[in-house]
Every structure is written in structure tokens, then in C-alpha cells.
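Numbering (numbering that gives the first Met the number 0), first residue to last: 0 to 176.
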Amino acid sequence: MSLDALRDLIPSYARDISLNLSSLASETVLNDQQKWGCFLASAHAVATVPVVRAIEAAAADKLSTEALNAARAAAAIMGMNNIYYRSLHLMKNKEYGTLPARLRMNVIANPGVDKMDFELWCTAVSAINGCGACIDAHEAPLRQHGYTAPQVQAALRIGAVVHAASRIVASAEALNA
């Protein structure tokens, strides 16, 4: 399935989401690895089958095998970390924040691609998963390494649109089932 085929799955009432998918696919503020890694990590974070398949297909010729796996790893690790760290942030009892997490997160230190690209993908996934602590933790090194606000914003926009497309496709499938 292609990105155009994915756009065809989006009902007319969500045309803005379809148009945003198209414009973000043409986005130039990020290089192809950064952009398609964001798309892929975001798709895996939401895990709606047709969206994952379409974005996997679209990213396959734009990302190396290492980058494909790193984007998937960003979704996986942040799926765990976003829940854990969001919980610590939301809890009134701050004692839990003083305890070691004791969760394996080795992929963050050695993702197999440029570390800042991985941070960008983690930022997009953290936005999808609603963890402000993780968004801040991953955005800070990006800015320290010269990423601009428009570049970080592009990752957030990709995450938002992939999330919306996933929800719309899933709800359309539910109505047609």
C-alpha cells in the first residue's frame, strides 16, 4: 500500500488529514531520514494496520535497514518510557521519581542511526503518547545540537497527522465492518 492508497482510505470529512499527509510527505525542513523516520515511528506508535503498512511501504526506499529498525525501536522504547515517565510526572507522591527506573533503554544510547535523528523520532512518539516530560527530555538535546524550532515542529506535525490518520482509518474500518 502506498501513501496515496492510505489517503484514499481517509473519508472526505477528514480531507484536511489527507492533505496534511501529502504536504508533510513533501516537507523539506527535515532530510529524508529524519522525515520518514518520524513517519514510521509515529505509525508504529499508533499501530493501525493499514497506516503502518502504507508508511512502511513509503519509507522502505527512503530509509536504510538500520534506520527502519531504529524508527521502529523509537516507537517501542517510547511506548514504555512515555507511560512510565508520564506516570511519575502525574503522581502526587514524588518519591517514585527518586527511585531508579530499572527499565532497559539501551537502544537510546546506541540506536544504530544518528543519535539526533533518533531523538527527533522519540519526540514525535512522545507527543503522540502525551508525555510532556519525555517531549522535553528529547527536544532539549535536539536544540543543543542545532536543530531549529521548525525542524522539531515538523516532527510534531508528522506525529499529529499520522495519529489523526490512524484514528480516522480505524474508525472508518469500524463503521465498514
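Every residue, glycine too, gets a C-beta built ideally from N, C-alpha and C.
Coarse secondary structure for residue i, derived from DSSP in three states
i, result
"Y83", "helix"
"A72", "helix"
"R101", "coil"
"V106", "helix"
Candidates the options: closest to residue i by CA position
i, options, result
"N105", "K114, V161 and K61", "K114"
"A169", "D3, A4 and I9", "I9"
"A74", "L23, C37 and A132", "C37"
"L119", "I107, A108, A154 and V28", "A154"
"S17", "N109, D60 and D3", "D3"
"N20", "A176, N175 and A159", "Just to set this straight, residue 20 is Leu in the shown sequence, not Asn. Of A176, N175 and A159, the residue nearest in Cα terms is A159."
"L23", "Q152, A176 and A148", "Q152"
"G111", "Q32, S25, E138 and T27", "Q32"
"P149", "L29, A53 and W35", "L29"
Assumed close pair residue i, residue j - CB separation to whole angstroms, cut-off 8 angstroms
i, j, result
"A69", "F117", "6 angstroms"
"I167", "A13", "5 angstroms"
"N199", "C130", "Past the edges of the chain, shown from 0 to 176, lies residue 199, and the structure says nothing about it."
"A132", "R85", "7 angstroms"
Cα-Cα separation, residue i to residue j
i, j, result
"Y83", "A136", "14 angstroms"
"S11", "L141", "36 angstroms"
"R103", "M79", "10 angstroms"
"T47", "A56", "14 angstroms"
"A108", "A66", "15 angstroms"
"A59", "A163", "22 angstroms"
"L87", "T147", "29 angstroms"
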